[in-house]
Amino acid sequence: MRHPFKFIITSIILCLSFLSSAQEISDKETSSTFYFIRHAEKERSNPKDRNPHLTKDGQTRAENWAHFFKDIPLKAIYSSNYHRTIETATPTAAQKGLEVLTYDPSNLDPNPFLKTYTNDQVLIVGHSNTTAAFVNAFLQNTNFKDLDDADNGSIFVIQISNGMKLVNQYHID
């Protein structure tokens, strides 16, 4: 070898550039989780009331959701701008020291959420006719149907990792 020092320096530079590239790739890895629930049990005594509050059972369920999310590091909590959804989200938000943010349930566009909450975990509280629809919008399909009007315990969990989406639906009593 004529220039062993040059070979060693070149090897070191190549190794460092590979390490740098590997670091750039790992820095670009993303993992976000979105939790979708329907509001808790609502007051049904006045069928004309379009914006009812939660019942006692609904308030208990909202507290149970707060317990469920206790160890999950939520970055944001969203709710439609109705009493029942806000009241469902509030115990979890209070526990986390977060504000309940609102979204328009007539515009279920996942893109602002996907852009804003990369590498975060977010709770979204909706309705029987919007929760599954919003999940479908995130997944770009129509696999999930509206929730039954008596279903206040379903949760959809969408995990997005490097563009791959995984969804699970659970029922919590």
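In numbering that gives the first Met the number 0, the protein residues as written are 0 to 172. Using N, Cα and C, we set each Cβ at its ideal position, and we do this for glycine too.
If you compare alpha carbons, which of the options is closest to residue i?
i, options, result
"LEU100", "THR117, ASN118, LEU73", "LEU73"
"ARG43", "LYS69, PHE35, HIS52", "HIS52"
"MET163", "ASP172, GLN139, ASN151, ALA149", "GLN139"
"SER105", "PRO111, SER79, THR89", "SER79"
"ASP150", "ASN128, ARG49, ASN45, PRO90", "ASN128"
"THR141", "GLN158, TYR77, LEU97, VAL166", "VAL166"
"ALA93", "ASN161, ILE171, HIS66, ASN45", "HIS66"
"LEU97", "VAL121, HIS82, ASP148", "VAL121"
What I want to know is whether the C-beta of residue i ends up closer than 7 Å to one or more non-hydrogen atoms of the ligand MN.
i, result
"GLY125", "Because no ligand of any kind appears in the structure shown, any question about the ligand MN cannot be addressed here."
From residue i to residue j, what does the alpha carbon distance come to, in whole angstroms?
i, j, result
"LYS95", "LYS69", "8 Å"
"THR192", "ALA75", "A question about residue 192 goes unanswered here, because the residues of the chain that appear run from 0 up to 172."
"GLN168", "SER153", "7 Å"
"LEU107", "LEU113", "12 Å"
"PHE155", "PHE35", "5 Å"
"SER31", "THR89", "22 Å"
"ASP119", "LYS47", "39 Å"
"ILE71", "ARG49", "32 Å"
"TRP64", "THR91", "7 Å"
"TYR77", "TYR102", "7 Å"
"TYR81", "THR115", "23 Å"
Starting from the C-beta of residue i, find all residues in its chain whose C-beta is less than 7 Å away, skip the five residues before and the five after it, and write them out in chain order.
i, result
"LYS144", "ALA131"
"LEU146", "ARG37, SER127, THR130, ALA131, SER153"
Just confirm the distance between the C-beta atoms of residue i and residue j, as a whole number of angstroms; I'd bet it's less than 8 Å.
i, j, result
"ALA61", "GLU86", "6 Å"
"VAL124", "THR84", "5 Å"
"PRO111", "ALA136", "In fact, because the Cβ distance is near 11 Å, the residues do not count as touching under 8 Å."
"ILE157", "PHE33", "5 Å"
With a threshold of 6 Å on Cβ separation, who are the neighbours of residue i within its own chain once the five nearest residues in sequence on each side are excluded?
i, result
"THR54", "GLU40, GLU42"
Identify every run of the beta strand (DSSP E) within the region 61-125, keeping only runs that are complete inside it and at least 3 residues long; order them along the chain. 75-78, 99-101, 120-125
Which ranges does the alpha helix (DSSP H) cover as unbroken runs of at least 4 residues, wholly within the region 127-157, from first to last along the chain? 130-138
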